[in-house]
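**Q** This is the structure I have questions about; it appears just below.
Protein chains: 2
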Amino acid sequence: MLTQTSEYALRAMVYMARKGEDRYAGVKEIAKATDVPANYLAKILQQLAKAGVLESQKGFGGGFRVARPLAKINLLAIVDPLENISRFHRCVLGQRDCNDEIACPLHDAWKRICSEYLGSLQNTTLQDVADFKRKVGLVPEPLDIQSIEPMPDDSDSAENAETTQAT
Amino acid sequence: MLTQTSEYALRAMVYMARKGEDRYAGVKEIAKATDVPANYLAKILQQLAKAGVLESQKGFGGGFRVARPLAKINLLAIVDPLENISRFHRCVLGQRDCNDEIACPLHDAWKRICSEYLGSLQNTTLQDVADFKRKVGLVPEPLDIQSIEPMPDDSDSAENAETTQAT
DNA sequence: CTAGAATCGCATGTTCGCATCCACTGGTGT
DNA sequence: ACACCAGTGGATGCGAACATGCGATTCTAG
Numbered sequence: 014m015l016t017q018t019s020e021y022a023l024r025a026m027v028y029m030a031r032k033g034e035d036r037y038a039g040v041k042e043i044a045k046a047t048d049v050p051a052n053y054l055a056k057i058l059q060q061l062a063k064a065g066v067l068e069s070q071k072g073f074g075g076g077f078r079v080a081r082p083l084a085k086i087n088l089l090a091i092v093d094p095l096e097n098i099s100r101f102h103r104c105v106l107g108q109r110d111c112n113d114e115i116a117c118p119l120h121d122a123w124k125r126i127c128s129e130y131l132g133s134l135q136n137t138t139l140q141d142v143a144d145f146k147r148k149v150g151l152v153p154e155p156l157d158i159q160s161i162e163p164m165p166d167d168s169d170s171a172e173n174a175e176t177t178q179a180t
Numbered sequence: 014m015l016t017q018t019s020e021y022a023l024r025a026m027v028y029m030a031r032k033g034e035d036r037y038a039g040v041k042e043i044a045k046a047t048d049v050p051a052n053y054l055a056k057i058l059q060q061l062a063k064a065g066v067l068e069s070q071k072g073f074g075g076g077f078r079v080a081r082p083l084a085k086i087n088l089l090a091i092v093d094p095l096e097n098i099s100r101f102h103r104c105v106l107g108q109r110d111c112n113d114e115i116a117c118p119l120h121d122a123w124k125r126i127c128s129e130y131l132g133s134l135q136n137t138t139l140q141d142v143a144d145f146k147r148k149v150g151l152v153p154e155p156l157d158i159q160s161i162e163p164m165p166d167d168s169d170s171a172e173n174a175e176t177t178q179a180t
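Chains as they are written, first to last, in our numbering: chain A, 14 to 180; chain B, 14 to 180.
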């Protein structure tokens, strides 16, 4: 579905979206808030900056911020630079010729599934996410960033609490 | 989207579906027809047999065949034993508590995306695939979701992730 | 100019899915 | 009973993705 890298990217983008469009956020700050390895997150954010989704500012007070209005950034734009989206276009059955004319038995079904999936990613913007209002868990409201523990309490918050609920 | 393993599984299942429900097909035969490494395919088919999608027969004339009518086997049933589908239910933002009550900002959007995706897999059965008969120009194109155009037939795809032009 | 904060680029270690090989078990036909 | 055939299961190699660490570079504030 999504690679780990894409998931990290989404976490960071959501954090920045909710923090505010104008302010720069440093890697360490985002990493701590989103529970993503800082060094790895830095690379991801750099890729997003190259892709034009983020813009970066070096030096004192620098960091990353969104390069466009939140409504202009959809989830696909975030995921696309990090994953090989083109693999979706490959024929699932591995046929050399598989298009709308000469198709494998799965072509129509698979094309529809992919279109819906990618379309969903494209239709959801960061603005939608930022507007989301409900009781939220970890992700802080823009005002109260987080009471960052000064001591590295490295006991990883157990993410393995698999919520094995059915849809 | 799909792992290589799942793709192999789909190829094999489609092959068997179109070959006929009652007949056993050997690993080598399927591997040759679907261009999948035989040794690896054997493992995949074993997993599908354990999951109850296939049944196997040892010995001379043995092989694999579908364990149920084609209409009762949907794509999700094929993919599910091979991938960790439960990861879709995990919170994308990694929050421990993320459900309909206390949700991360992406919860609603992500839940919708996943539901659509899994639903699509569930709604497509092997019967549909086996019945698929492509006659060029005759089969009606059932969808016009081309408007969002996430799957252009061209190779130029990465650009349109950004819904706007660069400044 | 200098110090400090943050990115950038490279090197390295770890994990996991993909793929192969081979000995074993069990069923079939003679 | 015997030989053959085909799935079963364990062990292993391989490579890409994931993750980390460090030094160099670039920018800002004073």
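All C-beta atoms in this analysis are idealised placements derived from N, C-alpha and C, irrespective of residue type, glycine included.
With respect to the beta strand (DSSP E) encompassing residue 72 of chain B, which residues constitute its N-terminal and C-terminal limits?
**A** The count along the second sequence starts at 1 and reaches residue 72 of chain B at position 59. According to the DSSP assignment, residue 72 of chain B belongs to no beta strand (DSSP E), since it is labelled neither H nor E.
**Q** Just to confirm my understanding: we take residue 181 of chain B, look at its own chain, exclude 5 residues before and 5 after, and list those with CB closer than 8 Å. What are they?
**A** Because chain B is modelled from 14 through 180, residue 181 of chain B falls outside the range shown and cannot be assessed.
**Q** In chain B, which residues lie with their C-beta within 8 Å of the C-beta of residue 16 of chain A?
**A** Walking along the first sequence from the start, residue 16 of chain A turns up at place 3. Result: empty, since nearest Cβ-Cβ is about 10 Å, beyond 8 Å.
**Q** State the Cα-Cα distance for the pair residue 30 of chain B and residue 89 of chain B, rounded to the nearest angstrom.
**A** Here residue 30 of chain B refers to the residue found at position 17 when the second sequence is read from its first residue. Here residue 89 of chain B refers to the residue found at position 76 when the second sequence is read from its first residue. Our two residues, residue 30 of chain B and residue 89 of chain B, have alpha carbons roughly 15 Å apart in a direct line.
**Q** Under 8 Å Cβ-Cβ, which residues of chain B neighbour residue 23 of chain A?
**A** To locate residue 23 of chain A, count along the first sequence from 1; it is residue 10. What residue 23 of chain A touches in chain B: 105, 106 and 119.
**Q** Mapping DSSP to helix, strand and coil, what is residue 87 of chain A?
**A** Walking along the first sequence from the start, residue 87 of chain A turns up at place 74. Note: residue 87 of chain A maps to strand in three-state DSSP.
**Q** Can you tell me whether residue 48 of chain B is buried or exposed, with buried defined as 16 or more other CB within 10 angstroms of its CB?
**A** The sequence position of residue 48 of chain B within the second sequence is 35, counting from 1. Flag for residue 48 of chain B reads exposed.
**Q** Are any of the Cβ atoms in chain B nearer than 8 Å to that of residue 27 of chain A?
**A** Start at 1 with the first residue of the first sequence, and residue 27 of chain A comes out as number 14. For residue 27 of chain A, the answer is yes, since a Cβ of chain B falls inside 8 Å of its Cβ.
**Q** How many angstroms separate the CA atom of residue 129 of chain B from the CA atom of residue 129 of chain A?
**A** Locating residue 129 of chain B in the second sequence gives position 116, counting from the first residue. Locating residue 129 of chain A in the first sequence gives position 116, counting from the first residue. Distance between the alpha carbons of residue 129 of chain B and residue 129 of chain A: 7 Å.
**Q** With distances taken Cα to Cα, identify the nearest neighbour of residue 52 of chain B among B/18, B/143, B/136 and B/106.
**A** Mapped onto the second sequence, residue 52 of chain B falls at position 39. Measuring from the Cα of residue 52 of chain B, the nearest candidate turns out to be B/18.
**Q** Suppose you measure from the CA of residue 28 of chain B to the CA of residue 96 of chain A; what does that come to, to the nearest Å?
**A** Position 15 of the second sequence, counting from 1, holds the residue named residue 28 of chain B. Position 83 of the first sequence, counting from 1, holds the residue named residue 96 of chain A. The straight-line gap from Cα to Cα measures roughly 30 Å.
**Q** Taking 8 Å as the threshold (C-beta atoms), are residue 15 of chain B and residue 92 of chain B in contact?
**A** The residue labelled residue 92 of chain B in the question sits at position 79 within the second sequence. The residue labelled residue 15 of chain B in the question sits at position 2 within the second sequence. For residue 92 of chain B and residue 15 of chain B, yes; Cβs fall inside 8 Å.
**Q** Using a Cβ cut-off of 7 Å, pull out every chain B residue sitting near residue 20 of chain A, in sequence order please.
**A** Position 7 of the first sequence, counted from the first residue, corresponds to residue 20 of chain A. Among the residues of chain B, those whose CB is under 7 Å from the CB of residue 20 of chain A are 105, following chain order.
**Q** Can you give the Cα-Cα distance for residue 60 of chain A and residue 22 of chain A, rounded to whole angstroms?
**A** Residue numbering aside, residue 60 of chain A sits at position 47 when the first sequence is read from its first letter. Residue numbering aside, residue 22 of chain A sits at position 9 when the first sequence is read from its first letter. Those two C-alpha atoms are separated by around 10 Å.
**Q** Can you confirm whether residue 110 of chain A, when its beta carbon is compared against all beta carbons of chain B, has any partner nearer than 8 Å?
**A** The residue labelled residue 110 of chain A in the question sits at position 97 within the first sequence. No, residue 110 of chain A does not count as interfacial toward chain B.
**Q** Can you list the residues of chain A that residue 122 of chain B reaches, using a CB-CB cut of under 7 Å?
**A** Numbered from 1 along the second sequence, position 109 holds the residue referred to as residue 122 of chain B. Per Cβ cutoff of 7 Å: 137, 141 and 142.
**Q** Specify the secondary structure class of residue 137 of chain B as computed by DSSP and reduced to three states.
**A** On the second sequence, position 124 is the one that residue 137 of chain B refers to. Coil, per DSSP.
**Q** Just curious, the alpha helix (DSSP H) that residue 53 of chain A is in, first and last residue?
**A** Here residue 53 of chain A refers to the residue found at position 40 when the first sequence is read from its first residue. 51-63 is the span of the alpha helix (DSSP H), which, as asked, contains residue 53 of chain A.
**Q** In this structure, how does DSSP classify residue 105 of chain B when only helix, strand and coil are distinguished?
**A** Reading the second sequence from its first residue, position 92 is the one you call residue 105 of chain B. Coil.
**Q** Could you tell me which chain A residues have their CB closer than 9 Å to the CB of residue 243 of chain B, listed as they occur along the chain?
**A** As displayed, chain B neither begins before 14 nor continues past 180, which places residue 243 of chain B out of reach and without an answer.
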